[in-house]
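Beneath this line is the structure, given in C-alpha cells, with notes to follow.
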Amino acid sequence: MQVTVNKVVDCKGLTCPMPIIRTKKEINDLEPGEVMEIQATDKESIADLKAWSESTGHEYIGSTQDGEIIKHYIRKVSKEEEKQEQKHEDVISLDELLQYIEGEEKVTVLDVREPAEYAFGHIPGAINIPLGELEKRFEELNKEEPIHVICRTGNRSDLAAQKLAGKGFSHVKNVIPGMNDWKGPTEKTE
Amino acid sequence: MTKVAIIASNGGLFDAYKVFNIATAAASIDAEVGIFFTFEGLNLIHKEAHKNLPMPQGAEHFQEGFQKANVPPIEELVSMANEMDVKMTACQMTMDVMNLEKDQFVDGVDVGGAATFLNFARDANITLTF
C-alpha cells in the first residue's frame, strides 16, 4: 500500500514508552489535518499508539506491516474540527446513501479525507480529493451530476460541500455523519 | 486535563522504569504529571546514582535482556521527563535523614514536603505508588 503522508517519524528499534513520546513530540510540528507515518519495530506499538490516539483525540487511521517494520498512520485532529458547526443544509444519511448505492443508478461519492484515511477503507468507487486540494481540483468533478460528499465525521465534508456549492455545483449533498459510522461495503487500496 | 500523581519510594532499576515509563507516557497524552521522590526513591533522581541503579537481587541476569530489547537508559527517561514538564519533587524530610542536598539531584528537581505532594495529588485523576 502506497500512502501519501506529510511526515515520516522513525521509531525503529525503540521500545515502550519511546514511540509514543517521539510521536507526541513530532505531532506538535504538524498542521491540523495532516498525516504522519510512524515506523516502529516494537510490537506493543500497535496497542499503544491506538490508545495514545484515543487519549489525545488524534485519529489512528491504521497500520501496515512490512517485515519487522510496522507503519502506523495518525492524523492530527484539531479541537476546532471536532466542534465545528455544519452549515451546508442539503444533507443525506448513511442509510439513504447505502440505498442509492445498492440501487441501479450510478452514484458519485466524493471522499474528502486524506489519502491515508481513504487507503485504509472507502466506499467502492468513491473519488478521493482531500479537502485541502479541492480548490485546485474541483474541475475534475461533473457539475451536472449529484455529488455525495463524505469524510470521517461530517465536518470536512460540510466545508467541501459549501465550497462546491460556491463554485456552481447545484446537486451537492453532505453525507452525515461519515465513514466513522458507515456500515456498508468498503474497500482498501492495495 | 488529566492529572497523574506518582510516589516513588524505591530505588532499584525496576522501580525507576515503572516510575519514568508511566510518567513520560502520561506526559505524552498531555497529562499534568507530578512525581514525589521519597526514601530510596531519591536514588532515581540522584545525579550519580540514577545512572547505575541496582537490579533486584537474583534478577541480575535480566541485564542482557534490557540491552537486547534496546530499553532506553534511565538517564534518557529522566531528561525526557524534564523536557516534558513532569514536576519532580524530592522529599525534604528524607533528604535530611539521608544527608542529601538539592544540588546532588538532577536539574529540574524541587524540594518539598508531604503537604506539597498532597496539594498536587488532591485533584489528581490517577495516583500511583511505586
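First to last, the protein sequences are chains A and B. Each step along the first sequence adds one to the number in my numbering, with nothing skipped, and position 179 is 179. Each step along the second sequence adds one to the number in my numbering, with nothing skipped, and position 73 is 263. C-beta: ideal position from N, C-alpha, C; glycine also. A quick note: this is a predicted structure, and the numbers were derived from the prediction, not measured.
When secondary structure is reduced to three states using DSSP, residue 113 of chain A falls in the coil class, being assigned neither helix nor strand.
Residue 234 of chain B and residue 202 of chain B have their C-alpha atoms some 8 Å from each other. Put simply, the stretch 238-245 of chain B does not touch the stretch 192-200 of chain B. Fewer than three CB pairs are less than 8 Å apart.
Excluding five sequence positions before and after residue 288 of chain B, the CB atoms of its chain that fall closer than 7 Å to its own CB belong to 232, given in chain order. No Cβ-Cβ contact shorter than 8 Å links residue 280 of chain B with residue 213 of chain B. When the Cα atoms are used, residue 257 of chain B and residue 15 of chain A turn out to be separated by approximately 11 Å.
In this structure, the CA atom of residue 27 of chain A is about 33 Å from the CA atom of residue 301 of chain B. Here DSSP, grouped into helix, strand and coil, assigns residue 228 of chain B to coil. The shortest C-alpha to C-alpha distance from residue 108 of chain A to any of A/72, A/148 and A/99 is the one to A/148. Scanning its chain for C-beta atoms nearer than 6 Å, with the 5 sequence neighbours on each side dropped, one finds around residue 192 of chain B the residues 221 and 315, in chain order. Of the residues assessed, residue 177 of chain A falls on the buried side of the cut-off, its CB having 16 or more other CB atoms within 10 angstroms. The beta carbon of residue 304 of chain B lies closer than 8 Å to those of 281 and 283 in the same chain, with the five residues before and after it left out. Going by DSSP, residue 53 of chain A is part of no beta strand (DSSP E) but of the alpha helix (DSSP H) stretching over 45-56. Taking the beta carbon of residue 205 of chain B as reference, no residue of chain A falls within 7 Å; the closest one sits roughly 16 Å away. Residue 189 of chain A is a Cβ neighbour of residue 1 of chain A, given a cutoff of 8 Å.
Contact annotation, residue 268 of chain B with residue 296 of chain B: C-beta distance approximately 6 Å; criterion of less than 8 Å satisfied.
Taking 3 residues as the minimum length, the beta strand (DSSP E) runs contained wholly in the stretch 63-88 of chain A are 69-75, in order along the chain.
Contact of residue 16 of chain A with chain B by beta-carbon distance below 7 Å involves 211. Excluding five sequence positions before and after residue 88 of chain A, the CB atoms of its chain that fall closer than 6 Å to its own CB belong to 158, 161, 162 and 174, given in chain order.
Residue 264 of chain B is positioned such that its CB atom lies no closer than 8 Å to that of residue 55 of chain A. Rounded to the nearest whole angstrom, the CA to CA distance from residue 313 of chain B to residue 194 of chain B is 9 Å. By the CB criterion at 8 Å, residue 38 of chain A and residue 23 of chain A fall inside the cutoff.
Here residue 176 of chain A is bridged, per DSSP, to A/93. Against chain A, a Cβ distance below 7 Å from residue 215 of chain B picks out 17 and 20.
Neighbours of residue 263 of chain B in chain A, taken as residues whose beta carbon is under 7 Å from its own, are absent, since the nearest beta carbon is some 11 Å off.
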